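In our numbering, the protein residues as written are 17 to 774. Glycine is no exception: its CB is placed at the ideal position from the N, C-alpha and C atoms. Since the structure is predicted, the reported quantities are computational estimates derived from the model, not experimental observations. A quick write-up on the structure given underneath.
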């Protein structure tokens, strides 16, 4: 306030000293004082005061430099923060004569003492001081980098690339200086091609080139820098065609960075890249297509530096039809056409026409490859912000799909439409407008005529579960047909389609839909009925339907069914898993739905486990309970832990082996902190399960739980010797994976009760 409201004049130094006497803050308030200020808050407030006025710079910078040499870690960190903040406020002259000394301290932090928590701040400090002097004294900037680069050349210093990037990030001048001074050594290192270092150097060089592209004007580069960059471009073009795959991929990444820089690459270098990309795309003997090849081609499309003939070559290859081994390459590279509107206009119609033709001919492999290519084109178009008519593409894909079903392919397996279904889902998620309603209506009318066809149900599910709710309306005739026909469909598709409607329809349509579905929940229970109940319950839970009680009551009764109870118990996890009905698919997903479901079911699950006498049914209630715990926050579970934990402990000795392996042990391992009151009985059972005759899966899971239990605190000290003795046979287990976990558990239990650092 003083600095903002008054001219301090000769009082400037006195005001600064009044603040500086508290720097650095080395104070920790008593922990028992609730609401007390922290050391970090004090340090931040003091930092604001120390950098409150430009005139403080001549006092503040020397103080911060002095405290950088302190033995206190917090003093070093606070000093770095002062220098970073000060670089935004103080005149550059305050830093010019201090930069090399500051760098020496940064070097010690990053390379000598390796104070990991301070390294990001230290590198930010280097960026800040480089930036502040780059606009003031270029000679001082050059002198600083020469010292930095000389220090980085001493041995195989880890992190040298990060330092180079931190300096270059400061400004265009700093980036140019770094390249002029560093490139001769970089070129020499890359030419040697020895060990891992060239790959690491090339990665850092690529990052610096990215900074050069964003900060500098290439046409204003000095003659010396231009010459060095030309040599680097030659080397990159040589590496991409070399035999070292790792270096080739790194070089490709570097070329992706520099390709948008006008004039960076010569005509001959661009021709080398063009020939490489054509070879990778169409030659089965070329190196495998990698993301770097696709990114380079997309960057070339964006800058239009390769011309259009490459795209016409790819277009012609696609039009010729499927070729094993070759088509995969061509279509992978074709996804790069989204780099520009022009290349997209050349390639997209060809890919779509080929997809429609392959679908009509029922060429399953090629159809899926083309669908995968279209998904890639859509994703790349989003990345490069190229306009694509998603609704038109969705219409063409849907009509091609329905035409295939009409031709007698209504009951093909999921795999035959695997990539096509992904494409429809993606397009459904991003399409909008009235035309989409027409597409949905077409699909619904089509399904009315083929209600039990796997192919048409899969198409309906892909759209209903991924389209925006406002684009969906209730086709009551179809819903009634699906609800009455679900028992005749061997898959979950009908249940998932109905769940999509239940989740997304407006309230008035929802009640009519539920009225159609509820008669299906009358006894006798079958597997399709069970699936339908579980999916409808999930849909209602996610949308926050107020009255779940009738559905959870049915689930409770299902758990008592000797034939279907186990299936229902396992699907309690399906209800909470983020699958099919997701936020990405525009489904209504209310916050805290796992907590709500847990609270609405936990009482009857506990009561069912304790009251049922048939062991198999008892395990159903146990499994339904365990399946939920991974999705429910620990504080919510803690409110019931006194009732849940005894059940889990009892289950270790009484449940089926499959239930122990699938539910109980994973559940206990994830919640070891809750077992303090039952340690003795839990440890006894775990040591028993860690040995034969139990399966390897159970033995490993029991040992992993024992391993986690070693960290619960002082309460386990009295069991240390018993556990270590019980682990001895496990160390000689005939399975290597079991011995491995046993050794880890034994090591941690040996440390129980020992002083920290021993």
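For residue j and residue i, the rounded distance between their alpha carbons
i: residue 279; j: residue 242; result: 10 Å
i: residue 338; j: residue 346; result: 10 Å
i: residue 524; j: residue 531; result: 11 Å
i: residue 574; j: residue 580; result: 7 Å
i: residue 371; j: residue 488; result: 27 Å
i: residue 537; j: residue 483; result: 27 Å
i: residue 335; j: residue 247; result: 40 Å
i: residue 204; j: residue 82; result: 38 Å
i: residue 669; j: residue 769; result: 29 Å
i: residue 402; j: residue 294; result: 23 Å
i: residue 291; j: residue 253; result: 11 Å
i: residue 607; j: residue 517; result: 20 Å
i: residue 472; j: residue 589; result: 27 Å
i: residue 56; j: residue 149; result: 29 Å
i: residue 87; j: residue 683; result: 46 Å
i: residue 675; j: residue 660; result: 16 Å
i: residue 364; j: residue 429; result: 28 Å
i: residue 173; j: residue 215; result: The predicted model places residue 173 with a pLDDT of 48, which falls under 50 and marks its position as unreliable; any figure quoted below should be read in that light. Approximately 15 Å, taken between the alpha carbons.
i: residue 273; j: residue 282; result: 15 Å
i: residue 617; j: residue 539; result: 21 Å
Residue i, DSSP secondary structure in three states
i: residue 405; result: coil
i: residue 418; result: helix
i: residue 318; result: helix
i: residue 647; result: coil
i: residue 152; result: coil
i: residue 767; result: coil
i: residue 605; result: coil
i: residue 661; result: helix
i: residue 561; result: coil
i: residue 758; result: helix
i: residue 379; result: coil
i: residue 582; result: helix
i: residue 324; result: coil
i: residue 192; result: helix
i: residue 279; result: coil
i: residue 258; result: coil
i: residue 29; result: helix
i: residue 745; result: helix
i: residue 144; result: helix
i: residue 478; result: helix
i: residue 107; result: coil
i: residue 540; result: coil
i: residue 522; result: coil
i: residue 242; result: helix
i: residue 303; result: coil
i: residue 640; result: helix
Cβ-Cβ distance between residue i and residue j below 9 Å
i: residue 437; j: residue 478; result: yes
i: residue 153; j: residue 93; result: no
i: residue 604; j: residue 520; result: yes
i: residue 127; j: residue 175; result: yes
i: residue 681; j: residue 714; result: yes
i: residue 15; j: residue 97; result: Past the boundaries of the shown model lies residue 15; the chain is included only from 17 to 774, so the question cannot be answered.
i: residue 652; j: residue 614; result: yes
i: residue 764; j: residue 727; result: yes
i: residue 77; j: residue 37; result: no
i: residue 157; j: residue 181; result: no
i: residue 565; j: residue 636; result: no
i: residue 67; j: residue 106; result: yes
Nearest neighbour of residue i, chosen from the options [CA to CA]
i: residue 707; options: 680, 742 and 302; result: 742
i: residue 302; options: 257, 267 and 286; result: 257
i: residue 567; options: 685, 546 and 102; result: 546
i: residue 463; options: 452, 291 and 480; result: 480
i: residue 748; options: 759, 738 and 739; result: 759
i: residue 356; options: 396, 53 and 105; result: 396
i: residue 287; options: 322, 307, 466 and 718; result: 322
i: residue 702; options: 666, 734, 731 and 219; result: 666
i: residue 650; options: 307, 641 and 686; result: 686
i: residue 113; options: 85, 131, 151 and 160; result: 160
i: residue 622; options: 766, 572, 139 and 491; result: 572
*Touching or not, the stretch 322–333 and the stretch 376–388, by the rule of three or more beta carbon pairs under 8 Å?*
no
*Does the stretch 624–641 touch the stretch 590–609, meaning 3 or more C-beta pairs lie closer than 8 Å?*
no
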